[in-house]
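**Student:**
Protein chains: 2
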Amino acid sequence: MRRLKRILPADGLLQKSADVAVYECDGLPVYRARPLAVALPRTVAEVGRVLALCTEYDIPVVSRGAGTGLSGGALPHPRGIVLALSRLDRIVSIDPDNQVARVEPGVRNLAISEAARPFGLFYAPDPSSQIACTIGGNVAENAGGVHCLKYGLTTHNVLALKFFDSGGTLHEAGGPTGEAPLDLCALLTGSEGLLGVVVEITVRLRPRPPATVAWLAAFRSLQEAAASVREVISQGVIPAGLELMDGLALSAAQDYTGIPYPEGAAAVVLAEVDGDDLAVALDSERLRAVFTAQGAFAIERAARDEDRRRLWLGRKSAFPAVGRLAPDYYCMDGTIPRRSLVPVLTEIGALSRRYDLPVANVFHAGDGNLHPLILYDAAVPGQLERVEALGADILRLCLDCGGTISGEHGVGVEKLDGMCAQFTAAELAIFHALKSAFDPYHVLNPGKAVPTPARCVEPGGMHVHGGRLPFARLERF
Amino acid sequence: MRRLKRILPADGLLQKSADVAVYECDGLPVYRARPLAVALPRTVAEVGRVLALCTEYDIPVVSRGAGTGLSGGALPHPRGIVLALSRLDRIVSIDPDNQVARVEPGVRNLAISEAARPFGLFYAPDPSSQIACTIGGNVAENAGGVHCLKYGLTTHNVLALKFFDSGGTLHEAGGPTGEAPLDLCALLTGSEGLLGVVVEITVRLRPRPPATVAWLAAFRSLQEAAASVREVISQGVIPAGLELMDGLALSAAQDYTGIPYPEGAAAVVLAEVDGDDLAVALDSERLRAVFTAQGAFAIERAARDEDRRRLWLGRKSAFPAVGRLAPDYYCMDGTIPRRSLVPVLTEIGALSRRYDLPVANVFHAGDGNLHPLILYDAAVPGQLERVEALGADILRLCLDCGGTISGEHGVGVEKLDGMCAQFTAAELAIFHALKSAFDPYHVLNPGKAVPTPARCVEPGGMHVHGGRLPFARLERF
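Which chain is which? The protein sequence lines are A and B, in order.
All residue numbers for the first sequence refer to the working numbering, where the first residue is 1 and numbers rise by one.
All residue numbers for the second sequence refer to the working numbering, where the first residue is 1001 and numbers rise by one.
1) I want to see whether chain B comes within less than 8 Å of E347(A), judged by CB atoms only; does it?
2) Buried or exposed for D1019(B), please, with buried defined as at least 16 other CB atoms from any protein chain shown within 10 angstroms of its CB.
3) Measure the alpha-carbon distance for V139(A) versus L1159(B) and round it to whole angstroms.
4) Would you tell me roughly how many angstroms separate the C-alpha atoms of R1324(B) and V1342(B), rounded to the nearest one?
5) What residue range does the beta strand (DSSP E) around K5(A) cover?
6) For L1373(B) and Y1023(B), what's the separation of their Cα atoms in angstroms?
7) What does R1338(B) touch in chain A if you count any residue whose Cβ is under 7 Å from its own?
8) So, does the CB of T1404(B) fall closer than 8 Å to a CB anywhere in chain A?
9) Mind listing the chain A neighbours of H1156(B)? Cutoff is C-beta to C-beta under 9 Å, in chain order.
10) How would you list, in chain order, the residues of chain B whose beta-carbon sits under 8 Å from the beta-carbon of F438(A)?
11) Near D307(A), what residues of its chain come up, given a Cβ to Cβ distance below 8 Å and the 5 sequence neighbours on each side ignored?
12) As a quick exercise: from S93(A), P96(A), Q130(A) and A173(A), pick the residue whose alpha carbon is nearest that of L1428(B).
13) Taking the continuous alpha helix (DSSP H) assigned at S113(A), which residues delimit it?
14) Short check: CB of L268(A) to CB of A218(A), under 8 Å?
15) Can you pull the chain B residues whose beta carbon is under 8 Å from the beta carbon of D276(A), in chain order?
16) According to DSSP, is L161(A) part of a helix, a strand, or is it coil?
17) Using a Cβ-Cβ cutoff of less than 6 Å, which residues in the same chain neighbour G72(A) once the five nearest sequence positions on both sides are dropped?
18) Can F1163(B) and L1051(B) be called in contact, C-beta distance under 8 Å?
19) Span of the alpha helix (DSSP H) holding R1485(B)?
20) Is the region 116-128 of chain A touching the region 202-209 of chain A in the sense that three or more CB pairs, one from each, lie closer than 8 Å?
21) Just verifying my parser: in three-state terms, what is the DSSP assignment at M1332(B)?
22) Hey, does T169(A) have any beta-carbon neighbour from chain B nearer than 8 Å?
23) Is the separation between the beta-carbon of A449(A) and that of L187(A) shorter than 8 Å?
24) Using three-state DSSP, classify Y1123(B) as helix, strand or coil.
25) So, V61(A) versus L444(A), is the Cβ gap smaller than 8 Å?
26) Does the CB of I1094(B) have a neighbour CB from chain A at under 8 Å?
27) Taking DSSP's pairing of strands, which residues face H1364(B) in a bridge?
28) Is there a C-beta anywhere in chain B that falls below 8 Å from the one on A271(A)?
29) Counting only beta-carbon separations shorter than 8 Å, does S128(A) have a partner in chain B?
30) Smallest Cα separation from A10(A): which of C25(A), V38(A) and S17(A)?
31) Rank F363(A), T43(A) and V237(A) by C-alpha distance to the C-alpha of A279(A) and give the top, closest one.
32) What ranges does the alpha helix (DSSP H) occupy inside the region 4-49 of chain A, keeping only unbroken runs of at least 4 residues that lie completely in it?
33) How would you list, in chain order, the residues of chain A whose beta-carbon sits under 9 Å from the beta-carbon of R1230(B)?
34) Roughly how many angstroms separate the alpha carbons of L1110(B) and S1063(B), rounded to a whole number?
35) Using 8 Å as the threshold, is the C-beta distance between P327(A) and D377(A) below it?
36) Name the residue from E1192(B), E1141(B) and G1145(B) whose alpha carbon lies nearest to the alpha carbon of Q1130(B).
Written out as structure tokens, the structure reads:
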């Protein structure tokens, strides 16, 4: 610790209990752990020195951005330090000719679009935490968002990275449009802090679309709404966003925002199209035709910024709105092929009744990225266990139709058991070998994202979250 | 060999000299080597058995598709076998709802779009060899093409892979839209046969655009043409293709096709916009405005299929056309940021005069992906060496402005020395560690794509191709 202190600026090492407490958990506070210390470097060089020192002394390092992650990826290690990168927050350059921005990891997602606005450009991936979350965290988790249907996940918008390996050596990956035989840039993106510490990111910027129109279509059944999502894509329209809210989510959002949805709606689909005026007009008419043909009983259109914001408000506030329905809720995250939307949503409804736990669905339907919100009360003995079992059943449902256990929230500590279900032992062995290739001493975020072979052979089936974490102290929200 | 024969169908193992000769080289015939045998499995299971056997006996395995690669990636190993995957040519399924196709590696690139056509879909990446090249080879080399500016490289259009590791164990990577903490799918794509043998590929299909318009703009200087390319993108138009041909390429293409270009053109820019009718009309007008503002003295528009084909014919036949200008030509492949197009093209012109070797430029300008074609006569003593030196200077130019030594042709054996220039020793060490993670015994395509540390410290600077390959017999085209 003394040597760590020498490396860092005067206010760059937190060790007092009150200071460190803030870093005990990320956006999944069901897991908490107290680190030995929190390092807050101000420069890239300091990051390298911290890593070299921690590798020398075999001290686990957990990198962290804004701590908004939802799978416990930034949960501290009790024998390790948290490497908080929030002070590396420079926008190094905006290059409008090549439509790229070079930024440090602590820059907030939305700040990139704000800096690019004078050039008529924006950064497309927009996780719902985009006001707070950092681009470094987005890279670590391969974050998504409403716009990812049209513009891709974080990995599709990252062009190059500078990163330290665990020994503190700086590397560069990626480049303008060129290729290396092994795409380290794509490998690092989404690697949840296991392979390296990213200290500079070159992201793709895109021209701001001149026109944007949002649509809301209300349906009398969830199944009709889900079928219309599939049909929109089949018709060749790729909206900038294509979201679905079910009846429970609608009534919660309506109570929360005071903005009414069409009376009798069992589900609504929200779609936004952007581009040139004429293209938007054309796509809009195709959307209207699909929604009508699929049985929508009410269709609304919003073109002015103010009207669009009003239309989206319920969706954007759906999580806190649903949060008011019960003392606790648990947000699941998995993906399914679009063709499976109708049967999977039907089955989730059946599971909800069987477990006697309400489930609200508000999600990126166009991507097949489900976000079932399970409502419960952790104070009622046995409820958390039922939530876990229901969550595991939902993820199994995703896997059974060819989907994945994680959509855009990562694996972290939350889905270690799910990894055992999704991947074979041989595939997990490849993950471990890759980890060792970058970080032979397992200093970087140990215990996250990739389960040990031993964990996978233990009996007990798939847990969503809960007791089997080796070092986390489980506490209530 | 006896055991290999038992694994394969009766006609599945070639050992006779005449049969094996066909496989001595790929599309870069300056390198040739005779393998021990050529294995032609018919099923996925046979591929696995071949790999298990070769690993057991430590026999190098070089996978091969149609052999159209341009960097010697499928050059045989003289102590190894060629694993030709051309008979794995089934289109397993086309799923129009999810807009994906599952195909075996031996399926030709163009065959995917042909199979998808009845559903109104197509597969976007279009290397110029697309009639012949296979999707397996496209995945190995992360192939590009004219359409990649708008629709991405192969890696952006591959959703999932099934692959064998060197021991013959089958793995799956990727999925619908979901993520794994380590993106094996992106890592395998472009890995040039070093990590595994891909036996099934799930690719993204896209709706066929209802309208397509091609534009040709002629300029009195190469610099004006290059500047207009940059300006098109800056204006927010992303054409489906944005290509540049210089004066030498134009006169060669004109002689070859008989179709005249505007008199006095020092360079032309070809652009194609696709999408809905109205969007195409809008983009077209923006293109016309940019070209006019940038000094184009002649602008042509082609909307009918027949006219478009005519406009593109010169570009599509530019390589064979240029090939008639000299006994030999060497096609370079590197990338640069778009903002560097003007200075780099100017410098290539200066290098061409200094080395007294004509260079024709026909390339994916929108992507910054250069393809300088160096004309020479290998029969003239010393010319090949001058070509090598000029090629190396061009690649150094790419690196100096932040580009890469390989655009879409891969590294193979051709650019091993260039890798030493582009990457640090520490970065190459990561590549080697990744290779070992998948293929601990170095059975898969040994000696390709990633140079040994020893090679990089040898004196002699960067060679483009030539004498330093440990096992290749260098022969003339």
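Beta carbons are placed, not taken as given, at the ideal position from N, Cα and C, and that holds for glycine.
These figures come from a predicted structure and were not determined experimentally.
**Tutor:** In terms of the structure at hand:
1) By 1-based counting over the first sequence, the position of residue 347(A) is 347. Answer no: the Cβ-Cβ gap between E347(A) and chain B never drops below 8 Å.
2) For the purposes of this step, residue 1019(B) is taken as the residue at position 19 of the second sequence. The residue is exposed, with fewer than 16 neighbouring Cβ atoms inside 10 Å.
3) Taking the first residue of the first sequence as position 1, residue 139(A) is located at position 139. Taking the first residue of the second sequence as position 1, residue 1159(B) is located at position 159. For V139(A) and L1159(B), the distance between alpha carbons rounds to 19 Å.
4) Taking the second sequence and counting its residues from 1, one reaches residue 1324(B) at position 324. Taking the second sequence and counting its residues from 1, one reaches residue 1342(B) at position 342. Roughly 27 Å between the two C-alpha positions.
5) Counted from its first residue, the first sequence places residue 5(A) at position 5. Going by DSSP, K5(A) is part of no beta strand (DSSP E) but of the alpha helix (DSSP H) stretching over R2 to I7.
6) To locate residue 1373(B), count along the second sequence from 1; it is residue 373. To locate residue 1023(B), count along the second sequence from 1; it is residue 23. Straight-line Cα distance between these residues: approximately 25 Å.
7) Taking the second sequence and counting its residues from 1, one reaches residue 1338(B) at position 338. Neighbours of R1338(B) on chain A, chain order: D97 and N98.
8) Here residue 1404(B) refers to the residue found at position 404 when the second sequence is read from its first residue. Yes, contact with chain A.
9) Position 156 of the second sequence holds residue 1156(B). Within 9 Å Cβ-Cβ: G152 and H156.
10) Position 438 of the first sequence, counted from the first residue, corresponds to residue 438(A). What F438(A) touches in chain B, judged by beta-carbon distance under 8 Å, is I1430 and A1433, going in chain order.
11) As a position in the first sequence, residue 307(A) is number 307, starting the count at 1. Hits under 8 Å: A214.
12) Counting from one through the second sequence, the residue named residue 1428(B) turns up at place 428. When only C-alpha atoms are compared, the closest one is A173(A).
13) Translated into positions along the first sequence, residue 113(A) becomes position 113. Start and end: N109 to A116.
14) In the first sequence, the residue the question calls residue 268(A) occupies position 268. In the first sequence, the residue the question calls residue 218(A) occupies position 218. Strictly speaking, residue 268(A) in this sequence is Val, with Leu absent from that position. Their beta carbons are under 8 Å apart, which means V268(A) touches A218(A) by this criterion.
15) Taking the first sequence and counting its residues from 1, one reaches residue 276(A) at position 276. In chain order: L1278, A1279, L1282 and D1283.
16) The sequence position of residue 161(A) within the first sequence is 161, counting from 1. Shown here, L161(A) sits in a strand according to DSSP, grouped into three states.
17) For this step, residue 72(A) is matched to residue 72 along the first sequence. Within the same chain, L28, Y31, G412, V413 and E414 come within 6 Å of G72(A) by CB-CB distance, once the 5 residues on both sides are set aside.
18) Translated into the one-based positions of the second sequence, residue 1163(B) becomes position 163. Translated into the one-based positions of the second sequence, residue 1051(B) becomes position 51. In this structure, L1051(B) does not lie closer than 8 Å to F1163(B) by Cβ.
19) Lying outside 1001 to 1477, the shown extent of chain B, residue 1485(B) is not represented and no answer is given.
20) yes
21) Here residue 1332(B) is taken as the residue at index 332 of the second sequence, counted from 1. Note: M1332(B) maps to coil in three-state DSSP.
22) Taking the first sequence and counting its residues from 1, the one referred to as residue 169(A) is at position 169. Judged by the 8 Å Cβ criterion, T169(A) is in contact with chain B.
23) Locating residue 449(A) in the first sequence gives position 449, counting from the first residue. Locating residue 187(A) in the first sequence gives position 187, counting from the first residue. No; because the gap between Cβ atoms is not below 8 Å, this pair is not in contact.
24) Counted from its first residue, the second sequence places residue 1123(B) at position 123. Y1123(B): coil per DSSP, three-state reduction.
25) Counting from one through the first sequence, the residue named residue 61(A) turns up at place 61. Counting from one through the first sequence, the residue named residue 444(A) turns up at place 444. Yes; because the gap between Cβ atoms is below 8 Å, this pair is in contact.
26) Here residue 1094(B) is taken as the residue at index 94 of the second sequence, counted from 1. Contacts with chain A at 8 Å (Cβ-Cβ) do not include I1094(B).
27) Counted from its first residue, the second sequence places residue 1364(B) at position 364. Partner(s): N1369(B).
28) On the first sequence, position 271 is the one that residue 271(A) refers to. With 8 Å as the cut-off, A271(A) does not count as an interface residue toward chain B.
29) Looking up residue 128(A) in the first sequence gives position 128. Output row for S128(A): interface = no.
30) Mapped onto the first sequence, residue 10(A) falls at position 10. Out of C25(A), V38(A) and S17(A), V38(A) has the C-alpha closest to the C-alpha of A10(A).
31) Counting from 1 along the first sequence, the entry for residue 279(A) is found at position 279. Considering only alpha carbons, the answer is V237(A).
32) If we require 4 residues or more, the alpha helix (DSSP H) runs fully inside the region 4-49 of chain A come out as 17-21.
33) Position 230 of the second sequence holds residue 1230(B). Chain A residues near R1230(B): D97 and N98.
34) Residue mapping note: residue 1110(B) aligns to position 110 of the second sequence, counting from 1. Residue mapping note: residue 1063(B) aligns to position 63 of the second sequence, counting from 1. Cα to Cα, L1110(B) sits roughly 21 Å from S1063(B).
35) Along the first sequence, one-based indexing puts residue 327(A) at 327. Along the first sequence, one-based indexing puts residue 377(A) at 377. Result yes, Cβ atoms of P327(A) and D377(A) sit closer than 8 Å.
36) The residue labelled residue 1130(B) in the question sits at position 130 within the second sequence. Residue G1145(B) is the option with its Cα nearest to Q1130(B).
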